[in-house]
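At position 110 of the sequence shown the residue is numbered 102 (our numbering), and the sequence of numbers has no breaks.
Some notes on the structure that comes next.
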Amino acid sequence: EIRNAGGTAMADGADVSNFEQVTAMVDDWGVEVTRAEILDVNLDEATRAAMLQQLNAERARRAQVMEAEGKKRAVELAADTRTAAVLVEPIQGEGGVQAAADGYLAGLRRLCDERGLLLIFDEVQTGLGRTGTLFAYQQAGIAPDILTLAKALAGGIPMGAMLAREEVMAAFTPGSHAATFGGNPFASAVALETLTTILEEDLPGRAARVGARILDRLRALQARLPRIKAVRGRGLLIGIEVTGDAKPIVVKCMERGLLILTAGDDVLRLVPPLILTEAEADEGLAILEGVLTEAA
């Protein structure tokens, strides 16, 4: 989660690439402004070290590393009268497939309502059925003011979208937001067909069913293999935390025909297509189990 409060840039569980956005927020520009401090919540040591390398010595002295009593409490402490919005992923993808704790998103909704802040959910990775519902936030029983989407939105054709409440969209006037390739009719037509397929074929439901099967198998495997530290996820967004470097496992799986990703140095990320069948899931799990058993 990254945001600029006009005096504070806060990041919770962000990876190195995300921190480039933070440093851009507080970097020097043509107009002299008050520099922003950086509040760092729950960053791993590698990311923290990379962040400090990106900052020059002057800004590094101003960087404040804060160990929060809790994520929501950290937001409460960081938000002030200059804060406009809170941006959060319901489940962090690049941050290690970390789902928001029970009650956290609802707590943010209450906090934003109390302080007149906008709540923005980034569902670029989690949206459009991947976590077992059309949008991951629906599982928390609340709704954001703004929702961002991309990736699966147009079935592989580049496209992004921002959805918002009517009052928020009213802030846009003709000409206030434009892009050279925005509103592409071909991409829009593909997105419409993609959404129709997702809904008509109940791909969120399939993701929930097949994902539960995968998670059950992985947790059984965790009980046998000490190399697996944790298994987490929802639907077909799954993380496997391992001891040591995860990259060699990814390479060995690829050599055997299974494509998986990392989400940090020690987390394997499984994000298969939502059309995955149970038989295909079992085939992929057999490959992964073989690689993990050899690496144990």
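Positions of the beta carbon are idealized from the N, C-alpha and C atoms, including for glycine.
Worksheet item: At what residues does the beta strand (DSSP E) containing G124 begin and finish?
Response: Segment: none, G124 is in no beta strand (DSSP E) and carries neither H nor E.
Fill in: Buried or exposed (CB count within 10 angstroms, at least 16 for buried), R198
When all chains shown are included, R198 counts as buried.
Worksheet item: Counting Cβ pairs, one atom from each stretch, are 3 or more of them under 8 Å apart for the segment 214 to 234 and the segment 168 to 181?
Response: With fewer than three CB-CB distances shorter than 8 Å, the segment 214 to 234 does not count as touching the segment 168 to 181.
Worksheet item: Are there 16 or more other CB atoms within 10 angstroms of the CB of G292, so buried, or fewer, so exposed?
Response: Since the first residue shown for the chain is -7 and the last is 288, residue 292 is missing from the structure and cannot be characterised.
Worksheet entry | K239 classed as buried or exposed, judged by whether at least 16 other C-beta atoms fall within 10 angstroms | It counts as exposed.
Discussion item. Please identify the residue among L266, A171 and A153 whose C-alpha is closest to the C-alpha of T140.
Written reply: The residue with the shortest Cα to Cα distance from T140 is A153.
Item to complete: With a 10 Å radius around its C-beta and 16 neighbouring C-beta atoms as the bar for buried, classify M246 as buried or exposed.
Response: Answer is exposed; the Cβ neighbour count stays below 16.
Worksheet entry | Q130 (DSSP reduced to helix, strand or coil) | Here Q130 sits in helix by DSSP.
Worksheet entry | Supposed close pair A255, V89 - CB separation, criterion 8 Å | Between A255 and V89 the beta-carbon gap is near 5 Å, inside 8 Å, which marks them as a contact.
Worksheet item: When the Cα atoms are used, what is the spatial distance from E193 to R74?
Response: Cα-Cα distance, rounded: 45 Å.
Worksheet entry | Candidates D208, L97, P82 and G167: closest to D274 by CA position | Of D208, L97, P82 and G167, the residue nearest in Cα terms is D208.
Item to complete: Using a threshold of 8 Å, state whether the C-beta atoms of L97 and Y129 are closer than that.
Response: Cβ atoms of L97 and Y129: closer than 8 Å.
Discussion item. Just list the residues that DSSP pairs V234 with in beta bridges.
Written reply: Per DSSP, I220.
Discussion item. Tell me whether the segment 163 to 171 and the segment 96 to 111 touch, counting them as touching only if at least three CB pairs, one residue from each stretch, are closer than 8 Å.
Written reply: With the rule of 3 Cβ pairs closer than 8 Å, the segment 163 to 171 does not count as touching the segment 96 to 111.
Worksheet item: Since L100 and L111 are thought to touch, with beta carbons under 8 Å apart, how far apart are those beta carbons, to the nearest angstrom?
Response: Sure, about 6 Å apart at Cβ, within 8 Å.
Worksheet item: So the beta strand (DSSP E) D257 belongs to, where does it begin and stop?
Response: Note, D257: premise wrong, no beta strand (DSSP E); not H, not E.
Worksheet item: Shortest alpha-carbon distance to L187 belongs to which of L277, P82, R122 and L280?
Response: When only C-alpha atoms are compared, the closest one is R122.
Discussion item. Less than 6 Å between C-beta atoms, sequence neighbours within five positions excluded: which residues of the same chain meet that for A92?
Written reply: Excluding residues within five positions, the ones whose Cβ falls inside 6 Å are P82.
Item to complete: Quick one: measure Cβ to Cβ for M301 and A183, integer angstroms, because I've assumed they're closer than 8 Å.
Response: Nothing about residue 301 can be reported from this structure: the residues present for the chain run from -7 to 288 only.
Worksheet item: Under the three-state reduction of DSSP, which class applies to G276: helix, strand or coil?
Response: Helix, per DSSP.
Practice prompt. Tell me whether I190 sits in a helix, a strand or coil according to DSSP, three-state version.
Written response: When secondary structure is reduced to three states using DSSP, I190 falls in the helix class.
Worksheet item: Which residue from L268, I190 and A287 puts its Cα closest to that of L145?
Response: The residue with the shortest Cα to Cα distance from L145 is I190.
Worksheet entry | Identity of the residue in G124, E159, K221 and L277 nearest I138 by Cα | Per the Cα distances, E159.
Fill in: Cβ-Cβ distance between R261 and G282 below 8 Å
No, the pair does not count as a contact, with Cβ atoms beyond the cut-off.
Fill in: V80, DSSP secondary structure in three states
In this structure, DSSP gives V80 an extended state, which the three-state scheme calls strand.
Fill in: G225 in three-state terms, based on DSSP
Correct three-state label for G225: strand.
Worksheet item: Under the rule that 16 or more other beta-carbon atoms within 10 Å means buried, what is L251, buried or exposed?
Response: Exposed: under 16 other Cβ atoms inside 10 Å.
Worksheet item: Which residue from L155, D72, K64 and A71 puts its Cα closest to that of D94?
Response: Among L155, D72, K64 and A71, the Cα nearest to that of D94 is on K64.
Discussion item. When you compare the CB positions of I267 and L195, do they come within less than 8 Å of one another, or not?
Written reply: Going by C-beta atoms, I267 is nearer than 8 Å to L195.
Worksheet item: When every heavy atom of the ligand COA is checked, does at least one fall within less than 7 Å of the C-beta of V67?
Response: Within the structure as shown, the ligand COA is missing, as the structure has no ligands at all.
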